[in-house]
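Asks:
Chains as they are written, first to last, in our numbering: chain A, 1 to 279; chain B, 280 to 655; chain C, 656 to 861.
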């Protein structure tokens, strides 16, 4: 099955990928491909947009219309693509630094606008491409090369941030929870409006090693053993949720979608112009 | 030609752009370019196009490039501070060869400076603002009518050469209202990007035939999948670390503009044939220079004006020829000497080069230029 | 898609031939009008110059309209200009006003020193004429008061002014001026502005 998926949705001539052994990115990239397969989307109508970072290289490996843009700006490029041609299924693949630090402004405004794009976050709690600096999702107290004495920043909950900004679909998955994550990505792509799936990735090379999290397998086991479903999480205190990996759909709401609302303006102006002509 | 209508420079940008086929605009409000966003918001949905006010200048540039990748002619506009913010993505459009038009209605700087006052101090930023070696085409109009025609040319050049084109305006022309006759759309030359399907799926989107400079471009969603990246890439469009491939790419990007000098560069000479003194100026400054040379002629001084319409690439050949005929060149611009550097580079010791500039937000007037013309 | 031109020949340069300078007699006849209107932001002096420019086009002239203003949308000094000429206009800013109007004392005091004895001046009646004011002729008219009392809306002062200015300068026919005003006022205010224009015209005794 995996090889069929690779043949159909990847660009084998550009594999193997640049990711380290044990990295969670490959699993999440596969989840995206599987979700597209399950939905039966037209290959040629799917656009994959990425920014800069380890996970952003996924765009080059996937056989769709793919565009690898500048750091933090994937959502802004995606906004232009989607508005110019709303027929396209536009999917943004981004890391935690890309989407919530340098690109944080675009994230909250795309959520507010409720433009119908899907964002899949490869959230590995660290800047991997540049060698292990702390990111906005590095937990407080943990280490990075630029937080040698422990991170004193508080960390972002990306799905919660997007929901707070107006995202109409927000979910959380993990590298370990493959079936659930595929399902959330599917739901996100089908959703009419801005959707985000924040997926806990693993980075054994930098985040794992810096913070003594053990091997890649240990990190996967951690996700398995510390997962809390969304339904349960809402009944738990912040203290109880410390160190837990929350899985599930945080919110699904129906708001008017941006490109459809814009089309209504175009249609209305067209009708008015026609009426004026007939008068 | 139709009826003469009163139009502002900034409005002419939008009307000309729509005539050129612009159907997407992403922007962020900034004085003195805001009317371009406002007019686009009114006009684009009337013609089936899209307008979006983005959250900042950076995303405006990104959305513009994204829309163009999806096959729609796209534009954004700003002024100095916003133009600075757009620079990274401007470089992205250069290396990925995605056509777009970026309008910069210059204002006094640095930083927030004098937001409502004229300036022409973004000349060098237009050329070197984004990092790395890259091609630049920049055009500058000096009247409302020329704004209309030249923005069409900006789109044509962007599409033909698959490169961002910078429309370097100033507040003088941007906020000027003049009567213009709108040309009949059927009299306009409109160029669209070279679209061609590749030989095979995931073919060579950046392949260029022998003797050509510009690869063909298929918009996203039209049946052939390929990859676009801001990393150095070969003909396949995929990233590479190979030095020879990277060097070949950057060389082609620069050459496609430099080697097409004759097609891209435009300049105007006014009363230069018998001139002893030539005023070199561009954009709104040309209006003061025009009056100054007329006044000089009335006083018996043979003065002329040389006006680059294409700022980048700079019209070196034409200016060099002129510098061998005149005794003196006076460079007049609303900055502390930016085009001056180009003029000095080109003219060398062929004739004397004088300079008159403005850096305080006020306007260069004909008497100030005239006295420089008269100076021994 | 055309390929690069390989030619090294000199390309065509847009050229305007050396024109003989205008003859002296010709110049005297030249009726270049440089109009500067001043007031405070929100009084609509910019719109007034736009309407005069529109009127100039109706009359088949060349026009150049521009403005200078500070960051305030309301209050603060505001200067708007229009040049109307028989010939193409070079420099687009007013250098030596042939007509000047002030609606506020602040604007008058600020701009009066730049006027010459050839200038025609129109001042709101509420203003004090500064001693330094040089002018060919000074008109005083209750522009602001008429807008409030006769038209019934202070906001129409700019249209009252436009009526008065055309009565002084005879720029265009009353019909052309009417057309220019109507094409620039918001829907639903046509009647009000028509009244303002008539009130303005009557302020100047012919």
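From the three backbone atoms N, C-alpha and C, an ideal C-beta is built for every residue, glycine too.
It should be emphasised that the depicted structure is a prediction, and the values quoted were computed from it without experimental measurement.
Sort B:534, B:652, B:562 by Cα distance to residue 546 (chain B) and report the nearest one.
Replies: For residue 546 (chain B), the nearest C-alpha among the options comes from B:562.
Asks: Give a yes or no on whether the C-beta atoms belonging to residue 409 (chain B) and residue 370 (chain B) are separated by under 8 Å.
Replies: The answer is yes: Cβ separation under 8 Å.
Asks: Exposed or buried, residue 512 (chain B), counting other C-beta atoms within 10 Å across all chains shown (16 or more means buried)?
Replies: That one is buried.
Asks: Pull up the DSSP beta-bridge partners for residue 404 (chain B), would you.
Replies: Answer by DSSP bridge pairing: none, since residue 404 (chain B) is not bridged.
Asks: Please list, in chain order, all residues of the same chain as residue 51 (chain A) whose beta carbon is under 7 Å from its beta carbon, the five residues on each side excluded.
Replies: Once the five neighbours on either side are set aside, the close Cβ partners of residue 51 (chain A) are 69, 70, 71, 72, 73, 74, 94, 98, 103.
Asks: How would you list, in chain order, the residues of chain C whose beta-carbon sits under 7 Å from the beta-carbon of residue 379 (chain B)?
Replies: The premise fails here: residue 379 (chain B) is roughly 18 Å from chain C at the closest Cβ pair, so nothing lies under 7 Å.
Asks: Which runs of the beta strand (DSSP E) at least 3 residues long sit entirely within the region 409-433 of chain B? Give them in chain order.
Replies: For the region 409-433 of chain B, whole beta strand (DSSP E) runs of length 3 or above, ordered along the chain, are 416-418.
Asks: Name the residue from A:273, A:214, A:179, A:223 whose alpha carbon lies nearest to the alpha carbon of residue 205 (chain A).
Replies: For residue 205 (chain A), the nearest C-alpha among the options comes from A:214.
Asks: Alpha carbons only, please: which of C:706, C:695, C:721, C:686 is nearest the one belonging to residue 451 (chain B)?
Replies: Minimum Cα distance to residue 451 (chain B) is reached at C:721.
Asks: Across which residues does DSSP place residue 197 (chain A) in a beta bridge pair?
Replies: Looking at the DSSP assignment, residue 197 (chain A) forms a beta bridge with A:120, A:171.
Asks: How should residue 179 (chain A) be labelled, buried or exposed, when 16 other C-beta atoms within 10 angstroms of its C-beta is the threshold for buried?
Replies: Burial call: exposed.
Asks: Name the DSSP bridge partner or partners of residue 203 (chain A)?
Replies: DSSP output for residue 203 (chain A) lists no bridge partner at all.
Asks: Relative to the ligand GTP, is the shortest distance from any of its heavy atoms to the C-beta of residue 438 (chain B) smaller than 7 Å?
Replies: The ligand content of the structure shown is nil, which means the ligand GTP is not present either.
Asks: Determine the direct distance from the alpha carbon of residue 202 (chain A) to that of residue 220 (chain A), and round the result to whole angstroms.
Replies: Rounded to the nearest angstrom, the two C-alpha atoms are 7 Å apart.
Asks: Kindly list, in the order they appear in chain C, the residues whose Cβ is closer than 8 Å to that of residue 642 (chain B).
Replies: The answer, in chain order, is 748.
Asks: Quick one: does residue 301 (chain B) have its CB under 8 Å from some CB of chain A?
Replies: It does not; no Cβ of chain A falls within 8 Å.
Asks: Please classify residue 448 (chain B): is it buried, with 16 or more other beta-carbons within 10 angstroms of its beta-carbon, or exposed?
Replies: The residue in question, residue 448 (chain B), is buried, as its Cβ has 16 or more Cβ neighbours within 10 Å.
Asks: Does the CB of residue 683 (chain C) have a neighbour CB from chain B at under 8 Å?
Replies: Residue confidence is low: residue 683 (chain C) scores 42 on pLDDT, short of 50, so the model does not pin down where it sits. Its coordinate-derived value is still stated next. Output row for residue 683 (chain C): interface = no.
Asks: Which value, in whole angstroms, describes the spacing of the CA atoms of residue 555 (chain B) and residue 604 (chain B)?
Replies: Cα to Cα, residue 555 (chain B) sits roughly 8 Å from residue 604 (chain B).
Asks: Closer than 9 Å, Cβ to Cβ, to anything on chain D: give me those residues from the region 543-571 of chain B, in chain order.
Replies: Absence of chain D from the displayed structure is noted, the protein chains being A, B and C.
Asks: Locate the alpha helix (DSSP H) running through residue 740 (chain C), then write down its first and last residues.
Replies: Here residue 740 (chain C) belongs to no alpha helix (DSSP H); instead the beta strand (DSSP E) covers 732-740.
Asks: Determine the chain C residues that contact residue 285 (chain B) at a beta-carbon separation under 8 Å, and present them in chain order.
Replies: By Cβ distance, chain C contributes 705, 708, 709, 712, 718, 720.
Asks: Give the secondary structure of residue 388 (chain B) by DSSP, where H, G and I count as helix, E and B as strand, and everything else as coil.
Replies: In the structure shown, residue 388 (chain B) sits in coil (DSSP, three-state: anything other than H, G, I, E or B).
Asks: Do residue 517 (chain B) and residue 14 (chain A) come within 8 Å of each other at the CB atom, strictly closer than that value?
Replies: Contact flag set, yes.
Asks: Apart from the five residues on each side of it in sequence, which residues of its chain come closer than 8 Å, Cβ to Cβ, to residue 543 (chain B)?
Replies: Excluding residues within five positions, the ones whose Cβ falls inside 8 Å are 416, 436, 440, 536, 589, 592.
Asks: If you measure from the beta carbon of residue 334 (chain B) to each beta carbon in chain C, is any gap under 8 Å?
Replies: It does not; no Cβ of chain C falls within 8 Å.
Asks: Is residue 211 (chain A) helix, strand or coil when you go by DSSP?
Replies: Looking at residue 211 (chain A) - three-state DSSP - the assignment turns out to be coil, as it is neither helix nor strand.
Asks: With H, G and I counted as helix, E and B as strand and the rest as coil, what does DSSP make of residue 10 (chain A)?
Replies: Correct three-state label for residue 10 (chain A): strand.
Asks: Considering only the beta carbon of each residue, do residue 286 (chain B) and residue 457 (chain B) sit closer than 8 Å?
Replies: A contact, by the Cβ cut-off of 8 Å.
Asks: What are the start and end residues of each continuous beta strand (DSSP E) run of 3 or more residues lying completely inside the region 210-261 of chain A, in chain order?
Replies: For the region 210-261 of chain A, whole beta strand (DSSP E) runs of length 3 or above, ordered along the chain, are 227-229, 245-252.
Asks: Looking only at its chain, what residues have a beta carbon closer than 6 Å to the beta carbon of residue 650 (chain B), apart from the 5 residues adjacent to it on each side?
Replies: Cβ within range, chain order: n/a, list empty.
Asks: Who are the near neighbours of residue 414 (chain B) in its chain, counting only those whose CB is closer than 7 Å to its CB and skipping five residues on each side?
Replies: The answer, listed in chain order, is 373, 442, 532, 533, 535, 536.
Asks: So what's residue 677 (chain C) in DSSP terms, helix, strand or just coil?
Replies: Residue confidence is low: residue 677 (chain C) scores 42 on pLDDT, short of 50, so the model does not pin down where it sits. Its coordinate-derived value is still stated next. The answer is coil: DSSP assigns residue 677 (chain C) none of H, G, I, E or B.
Asks: Give me, in chain order, the residues of the same chain whose beta-carbon lies closer than 6 Å to that of residue 629 (chain B); leave out the 5 immediate sequence neighbours on both sides.
Replies: For residue 629 (chain B), where only same-chain residues beyond five positions count, the Cβ hits under 6 Å are 602, 603.
Asks: What in chain B is Cβ-close to residue 700 (chain C), meaning under 9 Å?
Replies: Simply none; closest approach about 14 Å.
Asks: Within 8 Å (strictly less), CB to CB, does residue 530 (chain B) reach chain C?
Replies: Cβ-Cβ to chain C under 8 Å: no for residue 530 (chain B).
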